[in-house]
Structures are given as structure tokens and as C-alpha cells.
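Residue numbers (this note's numbering): 5 to 42. We put the beta carbon where it would ideally sit given N, CA and C, even for glycine. None of the values given here were measured: they were computed from a predicted structure. Take a look at the structure below.
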């Protein structure tokens, strides 16, 4: 499996809203917590 394909799938999954995260994306949750700590 090409690395570019793996990265594309990874990015697509991280942009998908999740019910367990209050319909936010993992990216939004990760970076919002990181920014509040700074």
C-alpha cells in the first residue's frame, strides 16, 4: 500500500465528526486542547 494512500485515509478519518467527541472531529479536539494549554 503506498504511503500517500495511507496518509490520505488517515487524514480523512481524522476529519470525520465523532458522536463520542460531541460531533467534533479528532483534529478539532486535539488542537483545541493543545491551544488552551499554551
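Just to check my reading of the structure: residue i and residue j have Cβ atoms closer than 8 Å, yes? What is that Cβ distance to the nearest angstrom?
i, j, result
"residue 19", "residue 31", "6 Å"
"residue 25", "residue 13", "In fact, because the Cβ distance is near 19 Å, the residues do not count as touching under 8 Å."
Have a look at the DSSP bridge pairing and note the partners of residue i.
i, result
"residue 22", "28"
Determine the DSSP secondary structure at residue i, reduced to helix, strand or coil.
i, result
"residue 10", "helix"
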